[in-house]
Amino acid sequence: MNLHSRLCTLAILAVASTAFAQPKGYNYDEAKVPPYTLPDPLQFNNGEMVEEPDQWPKRRQEILDAFRTDVYGIAPGQPDALRAEIVEDKTTALDGKAMRKQIVLHLKNGEKTHSIDVLVYLPKDAHGPVPVFLTLNFRGNHTINADPAIRLPKSWLPSDSKSGVVNNRATVKGRGARAVRWDVDAIIARGYGLATVYCGDIDPDFHDGFKNGVHALFPNWRQEYGKKSWGSVAGWAWGLSRVLDYFERDDDIDASRVAVMGHSRLGKTSLWAGASDPRFSIVISNDSGCGGAALSRRRFGETVERINTSFPHWFCDTFKEYNGNEDAIPVDQHQLIALIAPRPVYIASAIGDKWADPRGEFLSGLHADPVYKLLGTPGLPAKEWPAVDEPVQGQIGYHVRSGGHDVKPFDWNAYLDFADKHWAAKTSN
Ligand code: GTR
Numbered sequence: 001m002n003l004h005s006r007l008c009t010l011a012i013l014a015v016a017s018t019a020f021a022q023p024k025g026y027n028y029d030e031a032k033v034p035p036y037t038l039p040d041p042l043q044f045n046n047g048e049m050v051e052e053p054d055q056w057p058k059r060r061q062e063i064l065d066a067f068r069t070d071v072y073g074i075a076p077g078q079p080d081a082l083r084a085e086i087v088e089d090k091t092t093a094l095d096g097k098a099m100r101k102q103i104v105l106h107l108k109n110g111e112k113t114h115s116i117d118v119l120v121y122l123p124k125d126a127h128g129p130v131p132v133f134l135t136l137n138f139r140g141n142h143t144i145n146a147d148p149a150i151r152l153p154k155s156w157l158p159s160d161s162k163s164g165v166v167n168n169r170a171t172v173k174g175r176g177a178r179a180v181r182w183d184v185d186a187i188i189a190r191g192y193g194l195a196t197v198y199c200g201d202i203d204p205d206f207h208d209g210f211k212n213g214v215h216a217l218f219p220n221w222r223q224e225y226g227k228k229s230w231g232s233v234a235g236w237a238w239g240l241s242r243v244l245d246y247f248e249r250d251d252d253i254d255a256s257r258v259a260v261m262g263h264s265r266l267g268k269t270s271l272w273a274g275a276s277d278p279r280f281s282i283v284i285s286n287d288s289g290c291g292g293a294a295l296s297r298r299r300f301g302e303t304v305e306r307i308n309t310s311f312p313h314w315f316c317d318t319f320k321e322y323n324g325n326e327d328a329i330p331v332d333q334h335q336l337i338a339l340i341a342p343r344p345v346y347i348a349s350a351i352g353d354k355w356a357d358p359r360g361e362f363l364s365g366l367h368a369d370p371v372y373k374l375l376g377t378p379g380l381p382a383k384e385w386p387a388v389d390e391p392v393q394g395q396i397g398y399h400v401r402s403g404g405h406d407v408k409p410f411d412w413n414a415y416l417d418f419a420d421k422h423w424a425a426k427t428s429n
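The sequence shown stops at residue 429 when you use our numbering, and every number in between is there.
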């Protein structure tokens, strides 16, 4: 095991052991949340207020710029070239219920190249372009379903014997290892597609000084932007946007109806992807926690200092300046939700996942609601934290599920209901 894998394993063990008990030095007591004042999403940096919807784009840009420079880091635009190699085109799969497509996206910038494997399932009887859930996975496309035809990733994987990883490489033993989190049958049965990419195919999840993965396509970027340069979350989000670039050219996929969904660190990523790329039609974060939907100023569960220490590569280096000083961050995470407005956004929590601060995740939605209302949408149809297992679904959706840090059929069912509601409304427009 190399040093990186060992550090990752230690970090994972540390978090696993704290999933249900209050870790030393971290607050799980609501009464001990310190008083805090959130920055107002509707107040310009010069103190003036946004009064009318047409003033929002200007204020939105201020918030977006702050997240770029102080939280996730500044990412480049499109690379010079993106070529799609269709490795498999609509082969019958999943007992005849679906068609499988596998695509390798070849990215080129200057002399640098990088490739990303995309797996897509579409409903068998689809006529015309299909709306799709696009989501990153933690351990390789082949882990989301036991389907033996899914290509194994060639890129680095963190040590994980349960997912069949040997010497940081995927093996066939990993097939279907994480299928329990992927309700592919339910997605297909509702007439939607599922597309997935292994996050490490975009950027390996360890700290190498922001050099490998898609960062390598832009070798001078870090020199130019320094501590404001993109971290891994921004790299993963950038990769999702490139997949969307490809979807815009694929006649089987309705690129105007793509829901970006992610769990945990990949839920932080789906929020940033949706905030930074307005082409995503619906944005879904599952148990995203600190640096995702949870308010940083509450300092409940995982804190800014802790996340920046355990995972120094996820955010930009500027974010580290707010370790132990959350009140000084120019933004808080409710403004990340507001950046997605007026598009539908769904925030999901789990009651046992205290590390991710479920109440703080709800409060982000609540404090983004004024922006959604200003823009003429119903916003979040709840003023109080909803009861466990009772989803509320307006333009902002929310639920707190029973159980712990995970993705369950309950979560998928809520996302599918949310998509039905919003995409059906769109079709009838
Ligand atoms: C934990 C981290 C969380 C969450 C989680 C995950 O170690 O503290 O912020 O992102 O990892 O991604 O599984």
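From the three backbone atoms N, C-alpha and C, an ideal C-beta is built for every residue, glycine too.
- One alpha carbon belongs to ILE188, the other to TRP236, and they sit about 25 Å apart.
- Proximity of the stretch 39–59 to the stretch 72–85 falls short of the contact definition, fewer than three beta-carbon pairs being nearer than 8 Å.
- Boundaries of the alpha helix (DSSP H) around PHE67: 56–67.
- Under the criterion of beta carbons closer than 8 Å, TRP314 and SER232 qualify as touching, at roughly 5 Å.
- Here PRO35 is exposed: its Cβ has fewer than 16 other Cβ atoms, across all protein chains shown, within 10 Å.
- Taking C-beta atoms as the reference points, ALA350 and ASP389 fail to come closer than 8 Å.
- For SER256, the secondary structure class from DSSP, reduced to helix, strand or coil, is strand.
- Just so you know, the alpha carbons of ARG401 and ASP80 end up roughly 43 Å apart.
- Residue pairing for ILE202: DSSP places it in no beta bridge.
- Excluding five sequence positions before and after TYR28, the CB atoms of its chain that fall closer than 8 Å to its own CB belong to GLN22, PHE300, GLY301 and LYS354, given in chain order.
- Residue state for ASN325 is assigned as coil, using DSSP reduced to three classes.
- Bridge partners of GLU85 according to DSSP: VAL104.
- DSSP places LYS268 in the helix class (H, G or I) of the three-state scheme.
- Per the coordinates, the alpha-carbon of GLY352 lies some 13 Å from the alpha-carbon of ASN286.
- For ALA98, the secondary structure class from DSSP, reduced to helix, strand or coil, is strand.
- Secondary structure of VAL50 (DSSP, three-state): coil.
- Each residue's CA atom was taken as its position, placing GLY262 and GLU361 some 15 Å apart.
- Annotation for GLY360 indicates a beta carbon at 7 Å or more from all heavy atoms of the ligand GTR.
- Here ASP117 carries a strand assignment [DSSP, helix/strand/coil].
- Close CB contacts of TRP182 within its chain, under the 7 Å cut and outside five residues either way in sequence, are with ILE144 and ASN145 (chain order).
- Of all C-beta pairs linking the stretch 328–336 to the stretch 360–374, three or more are shorter than 8 Å, placing the two stretches in contact.
- Exposure of ASP420 is indicated by the presence of fewer than 16 other C-beta atoms within 10 angstroms of its C-beta.
- By a beta-carbon distance limit of 8 Å, LEU374 contacts PRO53. Their separation comes to about 6 Å.
- For PRO370, the uninterrupted alpha helix (DSSP H) segment begins and ends at 358–374.
- Contact between the stretch 202–219 and the stretch 90–98 is absent: fewer than 3 CB-CB pairs across the two stretches fall below 8 Å.
- One thing to note: LEU266 has its Cβ no nearer than 8 Å to the Cβ of THR196.
- PHE133 has LEU194 and ALA259 as its beta-bridge partners, per DSSP.
- Following the DSSP letters along the chain, one finds TYR346 in no alpha helix (DSSP H) but inside the beta strand (DSSP E) bounded by residues 345–350.
- Contact between ARG297 and GLU321 does not hold, since their C-beta atoms are separated by about 15 Å, which reaches or exceeds 8 Å.
- Not one heavy atom of the ligand GTR lies closer than 7 Å to the C-beta of ARG249.
- The beta carbon of ASP277 is closer than 6 Å to those of SER241 in its chain, skipping five residues each way along the sequence.
- Look at ASN27 here: in three-state DSSP terms it is coil, with no helix or strand label.
- Here HIS399 is buried: its Cβ has 16 or more other Cβ atoms, across all protein chains shown, within 10 Å.
- For SER264, the CB falls within less than 7 Å of some heavy atom of the ligand GTR.
- Boundaries for TYR398: no alpha helix (DSSP H) harbours it, while the beta strand (DSSP E) harbouring it runs 396–401, taken from the DSSP string.
- Scanning the stretch 267–314 for uninterrupted beta strand (DSSP E) segments of 3 residues or longer gives 282–286, listed from N- to C-terminal end.
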